[in-house]
Amino acid sequence: MSEPAQEIDRFDARRAIGACGLLRTFNAAGVLAAADVHVAQRLAALLGETDQSVQLAVALAVRGPRLGHVYVDLATAAQSTTVESEEPVDLTTLPWPDTDGWATRVAASPAVADGEATLPASPRPLRLAGSRLYLDRYFNEERRIATDIGALSAGAADGVDVELLAGGIARLFGDAGPDDRQTLAAATAVLRRFSVIAGGPGTGKTTTVARIVALLSEQASSRGAPPPLVALAAPTGKAAARLQEAIGEQAAVLRVDDTTRAALLALSASTLHRLLGWRPDSSNRFRHHRGNRLPHDVVIVDETSMVSLSLMSRLVEAVRPGARLILVGDPGQLTSIEAGAVLGDIVGPARETLSFSAATITAAQAATRRTFPVAVAPAGQTIGDGIVVLDRVHRFGGTIAALATAISTADPDAALELLASGAADVTWLPVDVAGANAPQVAVIREHAVGSARAVIAAAQAGDAAAALRALGAFRVLCAHRRGPYGAAHWMATIIRWLAHDIDAFDPAGEWYVGRPLMVTENDYSLKLYNGDTGVVVATEHGGQVSAAFERQGQVVRFSPTRLAAIDTVYAMTIHKSQGSQFGAAAVLLPPVGSPILTRELLYTAATRASRRLIVAGSEATIRQAIERPAARASALGERLWM
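Counted the way our numbering counts, the sequence shown spans residues 43 to 684.
Shown next, in the form of structure tokens:
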């Protein structure tokens with residue numbers, strides 16, 4: 043019995059059994075996963091490829107999308123490759139192929155087609171464009187997105203009454219200042235077939251979207267046409283529900299006629315997968331595609347930063363000719379967990395300077411009755427004509443807003459100065475939370491216990507609305523799911539704090555009163571979506587409980603037996619928090635060297651708090667995060683803007 047047990051102990055799932063040569067070396071170093079090696083070996087066997095350097099290139103190309111990259115650049119792979127390990131690895135000691143001849147040998151492989159060729163002579167699994175090696179699927183998706191968005195952005199929308207538009211903008215936006223970009227975003231979204239409304243939290247993106255739909259409805263009404271058929275979508279059910287709620291709230295207060303208001307209130311939102319028509323026989327093909335377009339006149343997508351390259355490819359090919367596509371999101375936030383950084387690539391240089399063609403500048407000035415500091419784009423470049431980045435924060439201000447700006451503009455000195463300023467709305471704990479003692483994290487404990495006490499008191503009183511408000515007052519946000527910096531670890535820590543500090547805290551049983559809930563899978567029958575949060579509350583029937591959630595400003599209750607996929611949520615990952623807002627948030631950062639410690643991670647976390655932000659992490663950790671953008675290998679931006 044002892045010998046088999048020893049064999050099991052020595053087994054390591056990260057190691058590719060049977061690998062040899064460069065594949066074995068790079069697998070052992072942690073650069074390649076076992077799956078990367080196995081795919082490269084299988085392709086080599088099928089195509090008779092014996093060159094070890096080509097096999098390594100294939101494995102790196104397979105690895106790329108798993109880490110969010112669209113391609114691997116053979117010319118810089120030795121300098122740009124990272125390792126998915128907390129153990130330091132000196133990659134310069136690895137036997138990287140000589141870059142001068144590597145791409146040449148790869149180009150000669152039967153597995154690789156020329157990226158410059160429109161169609162290869164025979165199907166190949168990989169494409170080489172210069173020194174950039176793609177899996178064929180991602181090469182085609184990137185090129186198709188650029189082509190389709192280029193076609194959408196090339197022309198103005200037909201039939202726009204500019205005078206009517208100007209009157210509508212003046213009425214709906216009121217006394218907006220001369221530099222208010224919301225009016226410019228609204229004008230370009232009506233004037234152009236393709237537009238992007240970008241900006242951070244609280245800059246008025248959804249408010250602007252509601253007004254755009256109203257303006258488009260008024261344009262149709264003036265022609266005697268029915269309101270445009272509008273699709274509202276987002277990558278997640280939670281984000282879609284929030285978009286629908288926000289537009290419904292705006293519909294109640296906008297200065298519009300009854301027909302337009304009814305059109306706004308009638309809008310419903312869905313996930314992108316449901317909009318495109320999910321197919322049970324395929325994970326990346328849909329009922330709507332280039333040969334069966336969406337019927338909508340306007341397609342609006344929120345939280346676009348979370349849309350992957352593959353999903354964006356399916357979306358843009360499904361938008362029918364003549365329809366409008368409006369993308370909404372924050373290019374500074376975390377990107378999709380799949381390949382690509384699509385929104386950031388599309389917005390591109392517009393994050394620094396808006397750039398319109400001369401004709402669009404003239405039309406936008408007429409529609410807004412004001413001028414804006416917009417650069418004149420080079421002749422023939424129209425991608426920027428509909429892209430507007432909102433830069434005025436309405437939801438929160440003070441030090442939190444200034445810190446978010448310092449992070450997004452890669453200014454660690456300014457960020458650290460703000461963190462150390464002693465401001466009332468920002469607290470910095472310059473500690474490694476994994477080894478911090480009780481006094482060092484006392485402020486986190488104080489907020490966690492205070493928030494839970496308020497939730498429990500309201501839940502025990504049966505006041506679901508108050509319990510939900512208290513639940514949204516504070517949240518602990520972690521970079522990792524597991525380990526000493528992870529949400530699971532801090533969930534257990536907070537539960538111990540509550541058991542010690544709150545007499546009324548009684549976590550006996552699964553559905554204890556005051557338990558904070560988070561939905562982990564979409565449930566369309568209940569209209570609950572992955573990421574939605576709720577609370578277990580007492581009912582007026584003694585000893586019974588219900589699970590309370592908020593939907594469109596109203597409290598809805600369900601029997602706990604109807605809930606299938608639920609977690610407790612005293613702490614959550616920063617990724618999971620996207621699209622959420624809390625009164626106060628404590629951000630627990632991992633140490634220097636964490637592979638997910640990036641500028642986008644810190645920016646996303648910092649902008650979840652509206653009134654109070656607590657950041658726990660060393661100066662070195664914060665500097666590394668701000669100085670380390672989540673660089674993803676992608677050529678989409680080049681294809682669109684060059």
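Where is the CB? At the ideal position from N, CA and C, for every residue including glycine.
Separation of residue 64 from residue 440, as counted between CA atoms: Each residue's Cα considered, the two are about 53 Å apart.
Euclidean distance between Cα positions of residue 117 and residue 79: Going by C-alpha positions, residue 117 is about 21 Å away from residue 79.
Validate contact between the segment 643 to 660 and the segment 76 to 93 using beta carbons, cut 8 Å, 3 pairs: At 8 Å Cβ cutoff, the stretches do not touch.
Euclidean distance between Cα positions of residue 304 and residue 669: 48 Å
Pair within 9 Å by beta-carbon distance, residue 173 and residue 93: no
Span separating the alpha-carbon of residue 658 from that of residue 203: 53 Å
Reference residue 529; option with closest CA among 244, 509, 631 and 311: A check of alpha carbon separations from residue 529 across 244, 509, 631 and 311 identifies 631 as the nearest.
Secondary structure of residue 313, DSSP reduced to three states: strand
Own chain partners of residue 68 with C-beta closer than 6 Å, once the 5 adjacent residues on each side are dropped: Closer than 6 Å at the Cβ level, and outside the excluded window around residue 68, lie 74.
Simplified DSSP state of residue 358, which is helix, strand or coil: helix
Cβ separation of residue 367 and residue 605, assumed to be a contact under 8 Å, to the nearest whole Å: Residue 367 to residue 605, Cβ: 36 Å. No contact.
Pick from 467, 326 and 487 that is closest to residue 688, judged by C-alpha positions: This structure leaves residue 688 out entirely; the chain is present only between 43 and 684.
Per-residue burial, residue 450 [other beta carbons within 10 Å of its own, 16 or more giving buried]: buried
Contact the segment 255 to 273 vs the segment 379 to 393: 3+ CB pairs below 8 Å: no
Complete runs of the alpha helix (DSSP H) confined to the segment 170 to 203 [at least 4 residues]: 178 to 195
Contacting residues, own chain, Cβ-Cβ under 7 Å from residue 594 (five flanking each side not counted): The answer, listed in chain order, is 287 and 290.
Counted within 10 angstroms of its Cβ, other Cβ atoms place residue 274 as buried (16 or more) or exposed: buried
Euclidean distance between Cα positions of residue 183 and residue 478: 46 Å
Distance, residue 103 Cα to residue 292 Cα: 46 Å
Which residues DSSP lists as bridging residue 517, in chain order: 627
Buried versus exposed call for residue 616 [16 or more other C-beta atoms within 10 Å across all chains shown]: Residue environment for residue 616: buried (at least 16 other C-beta atoms within 10 angstroms of its C-beta).
Within 9 Å, strictly: CB atoms of residue 277 and residue 343: yes
Cβ pair residue 176, residue 157 closer than 9 Å: yes
Residue 643 vs residue 667 beta-carbon contact at 9 Å: yes
DSSP-derived helix/strand/coil call for residue 470: Shown here, residue 470 sits in a strand according to DSSP, grouped into three states.
Member of 279, 355, 326 and 519 whose CA lies at the smallest distance from the CA of residue 567: 279
Three-pair Cβ contact test at 8 Å for the segment 398 to 408 versus the segment 373 to 382: no
Span of the alpha helix (DSSP H), counted from its first residue to its last, around residue 558: Element bounds for residue 558: not the alpha helix (DSSP H) but the beta strand (DSSP E), 558 to 561.
Proximity winner among 85, 235, 84 and 683, relative to residue 386 (alpha-carbon distances): 683
Start-to-end residues for the alpha helix (DSSP H) that takes in residue 389: 384 to 389
Coarse secondary structure for residue 685, derived from DSSP in three states: Given that the chain is displayed from residue 43 to residue 684, the structure contains no residue 685 and the question cannot be resolved.
Assigned secondary structure, residue 236 (DSSP; H/G/I helix, E/B strand, else coil): strand
Residue interval of the alpha helix (DSSP H) (run including residue 496): 484 to 502
Whole-Å CB distance - residue 559 paired with residue 608, under 8 Å assumed: Confirmed, Cβ separation roughly 5 Å.
Runs of beta strand (DSSP E) lying entirely within the segment 428 to 457, each at least 3 residues, in chain order: 429 to 432
Start-to-end residues for the alpha helix (DSSP H) that takes in residue 68: 63 to 70
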